[in-house]
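Protein chains in written order, with my numbering: chain A, 446 to 723; chain B, -8 to 312.
C-beta: ideal position from N, C-alpha, C; glycine also.
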Amino acid sequence: MSDSKAKPATSIEKAQKARRKFLQSVGLTAGVVGLSLLGYIPVVDARPPRLRPPGALNEQDFLSSCIKCGQCVQVCPVQAIKLADIGDGFGLGVPYIDARAQACDFSCDAVQCILACPTGSLTYEKPDFLNIRDGAPLAAAPILKAKEKDAEPTLNLKERIGVARLARPESCLAIQGRGFKGQARGANFTGELRYMAVDRWKPVPVREHPYDLELCDLCVRECPVKDAIELRPVKGADGVERMTPTVLEPCVGCGVCEMICPAEPAAIVIDPQAVWKA
Amino acid sequence: MSRFVDLFMGMLGAAPKKPEKVSEKVQQIMFLKYEDKDRYIKEKLHARDHHIVSHKWRNRRWAVLIATNLLFVFSFWLDIQILEGALTASRFVGFHLIDLNSALQVMLAHKHVIVNLFIGTFTVFLLWVLLGGRSFCSWICPYHLLAEWTEELHLKLVDKKIVTDHQFHRGTRTVFWILFAVLAVVTGYTVFETLSPTGILSRALIYGPGLALAWVFLLLLFEIFWSRRAWCRYVCPIGLTYGAVGAISPLQISYNVEQCFHEGDCRKVCLVPHVLDVTVKGRAGEESLGLGPDCTRCGLCVDVCPTGALRFEVKGLSKLL
Chain A
446 MSDSKAKPAT SIEKAQKARR KFLQSVGLTA GVVGLSLLGY IPVVDARPPR LRPPGALNEQ
506 DFLSSCIKCG QCVQVCPVQA IKLADIGDGF GLGVPYIDAR AQACDFSCDA VQCILACPTG
566 SLTYEKPDFL NIRDGAPLAA APILKAKEKD AEPTLNLKER IGVARLARPE SCLAIQGRGF
626 KGQARGANFT GELRYMAVDR WKPVPVREHP YDLELCDLCV RECPVKDAIE LRPVKGADGV
686 ERMTPTVLEP CVGCGVCEMI CPAEPAAIVI DPQAVWKA
Chain B
-8 MSRFVDLFMG MLGAAPKKPE KVSEKVQQIM FLKYEDKDRY IKEKLHARDH HIVSHKWRNR
52 RWAVLIATNL LFVFSFWLDI QILEGALTAS RFVGFHLIDL NSALQVMLAH KHVIVNLFIG
112 TFTVFLLWVL LGGRSFCSWI CPYHLLAEWT EELHLKLVDK KIVTDHQFHR GTRTVFWILF
172 AVLAVVTGYT VFETLSPTGI LSRALIYGPG LALAWVFLLL LFEIFWSRRA WCRYVCPIGL
232 TYGAVGAISP LQISYNVEQC FHEGDCRKVC LVPHVLDVTV KGRAGEESLG LGPDCTRCGL
292 CVDVCPTGAL RFEVKGLSKL L
């Protein structure tokens, strides 16, 4: 009691002011923290997951470990990687790939984005304590068609980032038995692809590389990974065999098939973060 | 040592303390200062008349801040690859640099530290131990510059009595620091990074603008119409992290009581006026004192002081020179 008596008397006005300041500070804290937690909504939302760059950890680990610096964006030779905006909540500033606009074609050969990542969000070698989902690991290191004849033809990638799926077989040109002539995605498409016949190191715009095909096999032809997809005769519901793009186990989910597909919308798409189901 | 603790507590939100003991030297200085009141007033007016208002340190600081951020931008746009990445993490000619607060959030959320993350964090840690942690705020952070510009607008509106500055408790920032740390651990997400205007602005400059800028805009509006420099003063955990790191920094702004007329011009321009409490008459216990860890070394007080009582100093080196 003597302590409180020793304190200088504070006026009522001063005490009120202090009280108001305290309450406002509590209000500010609650407001800002409340706003920050809005970031949860897009994360738990049932929207389709994002396609992450190669070597990405599982989504939750990826979001927690990514430092949002965009170094992966800077090294990608085809600018496939973009950073998400505030609509992604906690995923703000986190890299993703919009495969239809620009897929990862592995034209860097070394998976540069993994090399650039400072926090191990993108990694060649997952640390032991992190979970590996069934069907995510690739049975063997993927062989890059572009360097198939090199001493080291494989890509340093252990897990897939998604799996291709023939989502709209009705619009697939191959199934219809049709060919394709011209620019795969039209004259205004800005996406790029490495064509070994043009330049090993410099990807060129797809529109500058027109095709003339008897039977459309663009998804198979341009797939950068060996034996990841092929045209196979498959019996339809009517019992007629048609050449059908068939996705195989080595598919890493890079999205080149989705980008190059001339049908609109694409007949073949990537299911981001999907795993291989035999 | 106890002054060090007091200053640190001051950064966390405690009210500045009066000195327990005023040295004899300072007592003598104060006695001589006020011995002859007429002379004192004359000297004061003389100093004011001859004060060439300069923006030397402000201009230097703005130049460094803009140059640093442009170096990020051009490294990507022009592909000169000197400083690649954004403010949260980057590579300077290949060498990892990682923002301390972002690194902390990632470590707390992910609970795993890889070698590159450690190297980059440690390098930056050493850098800011030497340069004074919160120098990051005023010399590098792009939000600081925007907030500085909109602060002028706020002050004009206050001057015209259109708005008033609503001050919050300075300890709020400490509460935020703890809350964001806890949120990172509990949720496993780097929650603060979603709001950080530093990261948002840095990425917008380098990778192009996005909707997230609307949040930065709202913050600036809040600061113009409600509370002066609210984000930097009461919220941003980056400032507190860097403040703690720079607590033992040799680079500081020192206050020299002998030249001071205790007019308080410095406190009016300061982002963290509590560090200048020492300039109030009777609050300085020693002849020369550093301003402590919360000072951003922005130099506005150095520019505004008519008598040179506040100046940049490198501890130890100044005596040597």
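Taking 9 Å as the cut-off, decide whether the C-beta atoms of residue i and residue j are in contact.
i	j	result
B:Ala94	B:Val115	yes
B:Pro264	B:Gly307	no
A:Glu637	A:Val523	yes
A:Cys511	A:Pro493	no
B:Arg228	B:Phe159	It is worth fixing the name first, because residue 228 of chain B is Pro in this sequence and not Arg. Against a cut-off of 9 Å, the Cβ pair of B:Phe159 and B:Pro228 comes out as no contact.
A:Val477	A:Asp533	no
B:Arg288	B:Arg30	no
B:Asn247	B:Glu214	no
A:Leu618	A:Cys562	no
When the cut-off is 9 Å and only beta carbons count, does residue i lie next to chain B?
i	result
A:Tyr569	no
A:Leu733	Summary: the structure shown does not reach residue 733 of chain A, with chain A confined to residues 446 through 723, and so no result is reported for it.
A:Pro498	no
A:Lys466	yes
A:Glu458	no
A:Gln469	yes
A:Pro582	no
A:Gly636	no
A:Gly393	Past the boundaries of the shown model lies residue 393 of chain A; chain A is included only from 446 to 723, so the question cannot be answered.
For chain A, check one thing: does any of its Cβ atoms lie closer than 9 Å to the Cβ of residue i?
i	result
B:Phe171	yes
B:His157	yes
B:Glu11	no
B:Ile191	yes
B:Ser(-7)	no
B:Cys292	no
B:Gly76	yes
B:Gly111	yes
B:Val271	no
B:Phe215	The identity of residue 215 of chain B in the sequence shown is Ile, whereas the question assumes Phe. Chain A, which has no Cβ nearer than 9 Å to the Cβ of B:Ile215, makes this no.
B:Arg274	no
B:Leu315	The first residue shown for chain B is -8 and the last is 312, placing residue 315 of chain B beyond what the model contains.
B:Arg219	no
B:Val295	no
B:Thr79	yes
B:Val97	yes
For a contact defined as C-beta to C-beta under 9 Å, what are the partners of residue i on chain A?
i	result
B:Val226	Leu473, Thr474 and Val477
B:Asn107	Cys562, Pro563, Thr564 and Gly565
B:Phe(-1)	Correct list: empty, because the minimum Cβ distance to chain A is about 20 Å.
B:His206	Reading off the sequence, residue 206 of chain B comes out as Trp, not His. In chain order: Leu480 and Ile531.
For residue i, return the contacting residues in chain A, with the cut-off set at a CB-CB distance below 7 Å.
i	result
B:Tyr25	Residues of chain A passing the Cβ test: none, with the nearest at roughly 25 Å.
B:Gly179	Gln505 and Ser509
B:Tyr198	Gly515, Val518 and Leu528
B:His160	Lys466, Phe467 and Ser470
B:Glu142	Those within 7 Å of B:Glu142 in chain A number zero; the least Cβ separation is about 18 Å.
B:His87	Pro563
B:Ala203	Asp530, Ile531 and Leu537
B:Thr185	Ser481, Gly484, Gly534, Phe535 and Leu537
Run down chain A in chain order and give the residues with a C-beta less than 8 Å from the C-beta of residue i.
i	result
B:Tyr134	Per Cβ cutoff of 8 Å: no residues; B:Tyr134 is ~15 Å from chain A at best.
B:Thr165	Chain A residues near B:Thr165: none, gap ~11 Å exceeds 8 Å.
Is residue i helix, strand or coil by DSSP?
i	result
A:Leu537	coil
A:Ala591	helix
B:Gly255	coil
B:Leu62	helix
A:Glu659	coil
A:Asp716	strand
B:Tyr180	coil
B:Ser245	strand
B:Leu308	helix
B:Gly190	helix
B:Val269	helix
A:Lys450	Since pLDDT at A:Lys450 reaches only 49, below the 50 mark, its modelled position is unreliable, and no value is offered.
B:Lys81	One point to set straight first is that residue 81 of chain B is Ser, not Lys, in the sequence displayed. Strand.
B:Arg(-6)	helix
B:Glu278	coil
B:His87	strand
A:Pro582	strand
Find the residues of chain B that neighbour residue i, judging by a C-beta separation of less than 9 Å, and give them in chain order.
i	result
A:Pro487	Correct list: empty, because the minimum Cβ distance to chain B is about 10 Å.
A:Gln461	Those within 9 Å of A:Gln461 in chain B number zero; the least Cβ separation is about 15 Å.
A:Pro572	His103 and Ile105
Residues in the region 43 to 71 of chain B having any Cβ partner in chain A nearer than 9 Å: Ser66, Phe67 and Asp70
Give the residues from the region 230 to 253 of chain B that approach chain A closer than 8 Å (Cβ to any Cβ), ordered along the chain. none
For the region 504 to 521 of chain A, list every residue whose C-beta sits within 7 Å of some C-beta in chain B, in sequence order. Gln505, Asp506, Leu508, Ser509, Ser510, Ile512, Lys513, Cys514, Gly515, Gln516, Val518 and Gln519
Chain-ordered residues of the region 524 to 542 of chain A with a beta carbon less than 7 Å from chain B: Leu528, Asp530, Ile531, Gly532, Gly534, Phe535, Leu537 and Gly538
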